[in-house]
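J.:
In this note's numbering, the protein residues as written are 862 to 1854.
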């Protein structure tokens, strides 16, 4: 029986990095900080005034169980700088605003809500923080967060209940403010979701600021303040006003975490996953643009009002058909003054506009009065063929939808299409609901859908319903008594909340195959929080005018799609499936250029070489082998400056014509310290192109399957030989592991003891010594003043080693005194050392054994081949000898793979080759491994040799990450176990064929 729950992957590396970036900010914070504070209060010699400050404590007055942060600002700053450098971010010299305000930037669709919710539990496990307030800018996002918690509850309970963490979540609505008492006094993790409007104001306007008898005469805000909550702000750019900021301050947060894709104001950035990273890591859909444009001249003069301005003087920005130097016409936005002739050579040089002038302009509402037309409001168009154009855009969207529906229905993926309309009346017409809607857009959609569906019996079988059952509109509602009317809106009003709430709460229902709705229509400029993972087509039946509209529009469908499986809804990352097609009434080039400008205005360097571009390149050790460390921001900037100074990029990071890596003798002339990274740097520069992220639909093509190949006896014999299944076990030499681990811990840097400084504000913990005047008699040494954590259990959970082995290692290290003086830092150091040594021991001790079965059955390969998806031409090599492989195009991930495919295609002694599908996976101790190529080579005219090849840019193991090396070494033993000994790595100049 299929489950309807969403399945969440707890091991996504980028999400774990984002979580660790926040958690590591408070490295050194004792888990029992509350007990530490009480111990120090009792032990410190303080003045009567200071003691009074301790005694009058809001926390004690309301009986609150709160968060205690005892770290010094300097220590948090040092942690921040370390986190920033490893994340490839500019390292801050000081805390922005001298406040514990931290920014986490995550592109839309990459699981921002999951990340901050899981961060809550990690903070609870590591530091015993238990009180969290999630602040959101609207009811819609509040409902979205509440829905997410409901969907993820079982997942988080499975992860954290075994670690002693339970939680409650609630929504603060203001209707029963007494609910804050249980939030404040509970001892388990508490999550309270609030809109900024519920606390923004004073006692006259907000209940949260009003004294309540049920709360012993205190205000609800007093109970929240008493807990010193961790405040998490979702979409903080919509809460940047002074009133909003002062409202956040009223909560007296212990620290504030701000999560958004587009921060208006940057504070202390601890993690950044921008659109470039999201695309490169395969975390969002590939963007495809299908352009539907009018050909030839307009039948009537075309005018669109973009905006009206009165500064520095009254003018209107109109889109007009302007004549170019070669005599052709092009629509351009020009600035027009009152009474200026639109045919003026300085404006359009187009005689069709003779007699057209602006008589009057207005800001509120924004309109112009044209001599030959009358009133034209902002966003409206006169002339052109908008109706015919929109109908063809609907047709293109329906065609794309039916094609995807046919391709994905059997995979459990429900396909949705999203339309944005210019006005509600364009959809509803004289109607009042979805059932009786009669607008032009509804008529065009119903007509086009019936026409396109009739072209295939399979389409009719897939979607037999009448069109009205398949479409649904979400508009802002106005309720007056028993009647409900719909209105145009900006997307930011209270009236929008009803519409957004509806679609947010119906996320699961929209994904259910039994729910017929597949085509969704909306009007308002979309806000954050409104999306659905299975939106594959977006059609904009209006002009794209706003400065951020393309990015906002894309955000509604960027999230990776989900498929219904026996285990519930699971993510689908396959690039052949995960594409978002935008049907736009502008050219691909114009769309891509405008999108790039929107990103640039938001501070995202897409299509350019960013200063942090090279920060994630793995660092080599002293002997030249790559480590899991990274180059970091500072070194990345040095490389960027070198490229600029040598003319390979300009001052904006745009690649210049001088960068010609395919030219014979090309050299970046890198400084000697970075020469080893040359090939990786070239590869990263080549990717800095807007065309990598947004592609025209014309560049997409389906691969043709060579069906006959799979059914030949030779192929069946070959496939059976290479796909045999194995199991592995790891035999670790305990004595050697203990010796290596003891040596690693002994060689680790010394750990400074915790020292403390007691002040009126609280307790500050420093590494290496206290700053300022010591107020307490025991403030110089914390040893013995708090309970020590269970170091053996923590290391056992991190490594799965036995308690006896861990005890032997710790005693042998002779560094347990440092554990007593600074337990958290010692555990972190020991954990890193043990995990590193264990990884090496596992690779050396792995043994594979042949078992029954196949890693990828031939019948499954045949089925997947017939359901092959479309790919982009710039990701494929066109095969010349198609009888030698399974598809007419080979998909490649790098230029090295393209070169290898070309070589295999041309070699006469290679009788068969294929790029192994992603499902062909071998289990290894460091994760599943997918080899690159399977080959049949003929030797001496007769003998057939089966080969497996892994293509890399180099044969030097030291140039590969440790995890890559571990997988390759494990694969060697797997193939030896199944009797396939010809497994090797191939690289340019040493293909090993």
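Just so it is clear, CB atoms sit at the ideal spot from N, CA and C, and this is done for glycine as well.
Computed from a prediction, not measured in an experiment: that's the story for all the values here.
What do you get for residue 1827, buried or exposed, if any count of 16 or more other CB atoms within 10 angstroms of its CB means buried?
T.: Taking the chain shown and counting its residues from 1, one reaches residue 1827 at position 966. Residue 1827 should be labelled buried.
J.: Could you spell out the range, first to last residue, of the beta strand (DSSP E) harbouring residue 1794?
T.: Position 933 of the chain shown, counting from 1, holds the residue named residue 1794. Where residue 1794 is concerned, the enclosing beta strand (DSSP E) stretches over 1794-1800.
J.: With DSSP as the reference, label residue 966 as helix, strand or coil.
T.: Position 105 of the chain shown, counted from the first residue, corresponds to residue 966. Residue state, collapsed to three classes: strand.
J.: Given a threshold of 16 other Cβ atoms within 10 Å of its Cβ, counted over all protein chains shown, does residue 1437 qualify as buried or as exposed?
T.: Walking along the chain shown from the start, residue 1437 turns up at place 576. Answer is buried; the Cβ neighbour count reaches 16.
J.: May I have the straight-line CA-CA distance separating residue 1375 from residue 1275, to the nearest angstrom?
T.: What you label residue 1375 is simply residue 514 of the chain shown in a count that begins at 1. What you label residue 1275 is simply residue 414 of the chain shown in a count that begins at 1. Using only the alpha carbons, I get a separation of about 10 angstroms.
J.: My output table needs one value for residue 875: the three-state DSSP class, helix, strand or coil.
T.: The sequence position of residue 875 within the chain shown is 14, counting from 1. Residue 875: helix per DSSP, three-state reduction.
J.: Going by DSSP, what residue range makes up the alpha helix (DSSP H) through residue 1106?
T.: Along the chain shown, read from residue 1 onward, the residue named residue 1106 stands at position 245. Start and end: 1103-1111.
J.: Mind checking whether residue 884 and residue 956 have CB atoms under 8 angstroms apart?
T.: Reading the chain shown from its first residue, position 23 is the one you call residue 884. Reading the chain shown from its first residue, position 95 is the one you call residue 956. Contact: no.
J.: If we count Cβ pairs, one from each stretch, closer than 8 angstroms, do we get three or more for the segment 1524-1538 versus the segment 1486-1502?
T.: Yes, the segment 1524-1538 is in contact with the segment 1486-1502.
J.: Could you compute how far the alpha carbon of residue 1269 sits from the alpha carbon of residue 962?
T.: Within the chain shown, numbered from 1, the residue matching residue 1269 stands at position 408. Within the chain shown, numbered from 1, the residue matching residue 962 stands at position 101. Between residue 1269 and residue 962, the C-alpha separation is close to 44 angstroms.
J.: Which of the three DSSP states is assigned to residue 1097 in this structure?
T.: Along the chain shown, one-based indexing puts residue 1097 at 236. Helix at residue 1097.
J.: Please classify residue 991: does DSSP put it in a helix, a strand, or coil?
T.: Residue numbering aside, residue 991 sits at position 130 when the chain shown is read from its first letter. Correct three-state label for residue 991: coil.
J.: So, does the segment 1588-1607 touch the segment 1697-1715, judging by three or more C-beta pairs under 8 angstroms?
T.: Result yes; three or more Cβ-Cβ pairs closer than 8 angstroms.
J.: Which of the three DSSP states is assigned to residue 1778 in this structure?
T.: Stepping through the chain shown from its first residue, residue 1778 is reached at position 917. Coil, per DSSP.
J.: Below 8 angstroms on the Cβ atoms is my contact criterion, and I expect residue 1859 with residue 1280 to pass it. Report the Cβ-Cβ distance as a whole number of Å.
T.: Absent from the model: residue 1859. The displayed extent of the chain is 862 to 1854, so no value can be given.
J.: Just verifying my parser: in three-state terms, what is the DSSP assignment at residue 1220?
T.: Within the chain shown, residue 1220 is the residue found at index 359, counting from 1. Three-state DSSP puts residue 1220 in a strand.
J.: So, under 8 angstroms CB-CB, residue 1412 and residue 1460 are touching, yes? Tell me the CB distance rounded to an integer number of Å.
T.: Counting from 1 along the chain shown, the entry for residue 1412 is found at position 551. Counting from 1 along the chain shown, the entry for residue 1460 is found at position 599. At roughly 7 angstroms, the Cβ-Cβ gap stays under 8 angstroms, so residue 1412 and residue 1460 are in contact.
J.: So which of 1471, 1508, 1130, 1378 has the shortest CA-CA distance to residue 1529?
T.: Translated into the one-based positions of the chain shown, residue 1529 becomes position 668. Considering only alpha carbons, the answer is 1508.
J.: Classify residue 1513: buried if its beta carbon has 16 or more other beta carbons within 10 angstroms, exposed otherwise.
T.: Position 652 of the chain shown, counted from the first residue, corresponds to residue 1513. Exposed, since its Cβ has fewer than 16 Cβ neighbours within 10 Å.
J.: Provide the residue span of the beta strand (DSSP E) that contains residue 1043, from first to last.
T.: Translated into positions along the chain shown, residue 1043 becomes position 182. Segment 1041-1046 is the alpha helix (DSSP H) holding residue 1043; no beta strand (DSSP E) there.
J.: So what does DSSP say about residue 1480, is it helix, strand or coil?
T.: Position 619 of the chain shown, counted from the start, is the residue given in the question as residue 1480. Of the three classes helix, strand and coil, the one that applies to residue 1480 here is strand, per DSSP.
J.: Ends of the beta strand (DSSP E) at residue 1426?
T.: Walking along the chain shown from the start, residue 1426 turns up at place 565. It spans 1423-1426 - the beta strand (DSSP E) in which residue 1426 sits, taken as one unbroken run.
J.: Give me, in chain order, the residues of the same chain whose beta-carbon lies closer than 6 angstroms to that of residue 1208; leave out the 5 immediate sequence neighbours on both sides.
T.: Numbered from 1 along the chain shown, position 347 holds the residue referred to as residue 1208. The residues are 1195.
J.: By a C-beta neighbour count over all protein chains shown, 10 Å radius and 16 as the cutoff for buried, is residue 1200 buried or exposed?
T.: The sequence position of residue 1200 within the chain shown is 339, counting from 1. Result: exposed.
J.: To the nearest angstrom, how far is it from the Cα of residue 1067 to the Cα of residue 1108?
T.: Taking the chain shown and counting its residues from 1, one reaches residue 1067 at position 206. Taking the chain shown and counting its residues from 1, one reaches residue 1108 at position 247. Cα to Cα, residue 1067 sits roughly 11 angstroms from residue 1108.
J.: Looking at the strands, I want to know which residues DSSP matches up with residue 1748.
T.: The sequence position of residue 1748 within the chain shown is 887, counting from 1. BP columns for residue 1748 point to 1566.
J.: So, under 8 angstroms CB-CB, residue 1184 and residue 1210 are touching, yes? Tell me the CB distance rounded to an integer number of Å.
T.: Taking the first residue of the chain shown as 1, we reach residue 1184 at position 323. Taking the first residue of the chain shown as 1, we reach residue 1210 at position 349. About 4 angstroms; that satisfies the 8 angstroms criterion.
J.: Compute the Euclidean distance between the alpha carbons of residue 1131 and residue 1325, then round it to the nearest angstrom.
T.: Working through the chain shown from its first residue, we reach residue 1131 at position 270. Working through the chain shown from its first residue, we reach residue 1325 at position 464. Distance between the alpha carbons of residue 1131 and residue 1325: 51 angstroms.
J.: Run the CB neighbour count on residue 1741, radius 10 Å, all protein chains shown included, and call it buried at 16 or more, exposed below.
T.: The residue given as residue 1741 occupies position 880 in the chain shown. Flag for residue 1741 reads exposed.
J.: So, with DSSP's three-state summary, where would you put residue 1581?
T.: Against the chain shown, residue 1581 aligns to sequence position 720. In the structure shown, residue 1581 sits in a helix (DSSP, three-state: H, G or I).
J.: Can you tell me whether DSSP reads residue 1049 as helix, strand or coil?
T.: The residue given as residue 1049 occupies position 188 in the chain shown. Residue state, collapsed to three classes: coil.
J.: Could you check what DSSP says for residue 1195 in three-state terms: helix, strand or coil?
T.: By one-based count along the chain shown, residue 1195 stands at place 334. Strand, per DSSP.
J.: I'd like to confirm the pairing. Which residues does DSSP put opposite residue 1556 in its beta bridges?
T.: For the purposes of this step, residue 1556 is taken as residue 695 along the chain shown, with counting starting at 1. 1149, per the DSSP bridge assignment.
J.: According to the Cβ coordinates, are residue 1402 and residue 1251 closer than 8 angstroms?
T.: Along the chain shown, read from residue 1 onward, the residue named residue 1402 stands at position 541. Along the chain shown, read from residue 1 onward, the residue named residue 1251 stands at position 390. Yes; because the gap between Cβ atoms is below 8 angstroms, this pair is in contact.
J.: What residue does the beta strand (DSSP E) around residue 1602 start on, and which one ends it?
T.: Here the question's residue 1602 lines up with position 741 in the chain shown. Where residue 1602 is concerned, there is no enclosing beta strand (DSSP E), although the alpha helix (DSSP H) it sits in stretches over 1595-1608.
J.: Determine, using beta carbons only, whether residue 1527 and residue 1546 come nearer to each other than 8 angstroms.
T.: On the chain shown, residue 1527 is found 666 positions in, with the first residue counted as 1. On the chain shown, residue 1546 is found 685 positions in, with the first residue counted as 1. Taking 8 angstroms as the Cβ cut-off, residue 1527 and residue 1546 do not qualify as a contacting pair.
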